[in-house]
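S.K.: Numbering (my numbering), first residue to last: 5 to 210.
1. Just the C-alpha distance for residue 152 and residue 38, rounded to the nearest angstrom, thanks.
2. Closer than 8 Å by C-beta to residue 52: which residues in its own chain qualify, once you throw out the five before and the five after it? Chain order, please.
3. Just the C-alpha distance for residue 124 and residue 47, rounded to the nearest angstrom, thanks.
4. With a Cβ-Cβ cutoff of 8 Å, do residue 198 and residue 139 count as a contact?
5. For residue 185, which residues of its own chain have a beta-carbon under 6 Å away from its beta-carbon, when the five flanking residues on both sides are left out?
6. I believe residue 141 touches residue 129 by the beta-carbon criterion, under 8 Å. Please report the beta-carbon distance rounded to the nearest angstrom.
7. Strictly by DSSP, which residues pair up with residue 209?
8. Let me know if residue 34 comes out buried or exposed under the rule of 16 or more other beta-carbons within 10 Å of its beta-carbon.
9. Of all the options 79, 190, 103, which has the alpha carbon lying nearest to the alpha carbon of residue 159?
10. For residue 111 and residue 145, I'd like the C-alpha separation in whole angstroms.
11. For residue 53, report the span of its alpha helix (DSSP H) as first-last.
12. Any beta-carbon of chain D closer than 8 Å to the one on residue 200?
13. Distance, Cα to Cα, residue 164 vs residue 182?
14. Could you say which of 162, 61, 205 lies nearest to residue 174 if we only look at CA atoms?
15. Measuring CB to CB, does residue 149 end up less than 8 Å from residue 176?
16. Does the Cβ of residue 180 have 16 or more other Cβ atoms within 10 Å, making it buried, or fewer, making it exposed?
17. Looking at residue 121: is its Cβ nearer than 8 Å to the Cβ of residue 169?
18. Quick one: residues in its chain with C-beta nearer than 7 Å to the C-beta of residue 156, no 5 flanking neighbours on either side, listed in chain order?
19. Can you check whether the CB of residue 195 is closer than 8 Å to the CB of residue 188?
20. What first and last residue would you give for the alpha helix (DSSP H) that runs through residue 191?
21. So what does DSSP say about residue 68, is it helix, strand or coil?
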């Protein structure tokens, strides 16, 4: 699911920063404008040439920061995560693993384009061998599972989760349920993301 993992020291910058502060500011401006293009046209309409046209720079200038459409879309996803990390910081420390996913779902239903971008990138990661996108999402899923397992372990210690459950396996199940429900919702917005995850939380409760 399009949830926000904790920032780690091994996280990498997608694309080039450019030289010094002006280059970094220019890259940020390009991403802000590219996000507007994505919201209007979706991933299929977000080519490097289209973005360059919309923001008034040459295709070559855009390639200075992003060498491919894949890298641009991945950078857009990383760019939108900044806000979600801020929301994550406001969550109670003792919030359960499924409850974290429910909170994310509550936000995601208002940001369909963001969810579409996430799903597009995950699909690309499955198809592109050892691509940058694949490696990014391998690391991301590892972090999300670790975060979920940590929350589940706290729930077991507090007596609110069944003590006989393997938290690492349950963490993978929670992430799978969240992502699967999200895919169904993209195809049919009658699917209740938050409510369905609530049933999972009830089933796991100690």
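Ideal Cβ placement from N, Cα and C applies to all residues, glycine included.
Note that the coordinates shown come from a computational prediction; the quantities given were computed from them, not determined experimentally.
M.R.: With the given structure in hand:
1. In the chain shown, residue 152 corresponds to position 148, counting from 1. In the chain shown, residue 38 corresponds to position 34, counting from 1. For residue 152 and residue 38, the distance between alpha carbons rounds to 32 Å.
2. Locating residue 52 in the chain shown gives position 48, counting from the first residue. 63, 66, 67, 70, 72, 73, 76, listed in sequence order.
3. For the purposes of this step, residue 124 is taken as the residue at position 120 of the chain shown. For the purposes of this step, residue 47 is taken as the residue at position 43 of the chain shown. Rounded to the nearest angstrom, the two C-alpha atoms are 7 Å apart.
4. Translated into the one-based positions of the chain shown, residue 198 becomes position 194. Translated into the one-based positions of the chain shown, residue 139 becomes position 135. In this structure, residue 198 keeps its C-beta atom at 8 Å or more from the C-beta atom of residue 139.
5. Here residue 185 refers to the residue found at position 181 of the chain shown. 197, 200.
6. Here residue 141 refers to the residue found at position 137 of the chain shown. Here residue 129 refers to the residue found at position 125 of the chain shown. The Cβ separation is near 4 Å, so the contact holds.
7. Against the chain shown, residue 209 aligns to sequence position 205. According to DSSP, which records beta bridges pairwise, residue 209 is partnered with 165.
8. Reading the chain shown from its first residue, position 30 is the one you call residue 34. Buried, since its Cβ has 16 or more Cβ neighbours within 10 Å.
9. The sequence position of residue 159 within the chain shown is 155, counting from 1. Residue 103 is the option with its Cα nearest to residue 159.
10. The residue you call residue 111 lines up with position 107 of the chain shown. The residue you call residue 145 lines up with position 141 of the chain shown. Put simply, the backbone Cα of residue 111 is about 19 Å away from that of residue 145.
11. Mapped onto the chain shown, residue 53 falls at position 49. 52-59 is the extent of the alpha helix (DSSP H) around residue 53.
12. Here chain D cannot be found, since the structure has a single protein chain.
13. Here residue 164 refers to the residue found at position 160 of the chain shown. Here residue 182 refers to the residue found at position 178 of the chain shown. Using only the alpha carbons, I get a separation of about 20 Å.
14. Within the chain shown, the letter at position 170 stands for residue 174. Checking every option, the nearest Cα to that of residue 174 belongs to 205.
15. The residue given as residue 149 occupies position 145 in the chain shown. The residue given as residue 176 occupies position 172 in the chain shown. Yes, these two residues count as a Cβ contact at 8 Å.
16. Walking along the chain shown from the start, residue 180 turns up at place 176. With fewer than 16 other Cβ atoms within 10 Å, it is exposed.
17. For the purposes of this step, residue 121 is taken as the residue at position 117 of the chain shown. For the purposes of this step, residue 169 is taken as the residue at position 165 of the chain shown. Cβ atoms of residue 121 and residue 169: not closer than 8 Å.
18. As a working note, residue 156 is residue 152 in the chain shown. Cβ within range, chain order: 101, 165, 171, 174, 175.
19. In the chain shown, counting from the first residue as 1, residue 188 sits at position 184. In the chain shown, counting from the first residue as 1, residue 195 sits at position 191. It is a contact, given that the beta carbons lie within the stated cut-off.
20. Locating residue 191 in the chain shown gives position 187, where the first residue counts as 1. 171-191 is the extent of the alpha helix (DSSP H) around residue 191.
21. Locating residue 68 in the chain shown gives position 64, counting from the first residue. For residue 68, the three-state secondary structure derived from DSSP is coil.
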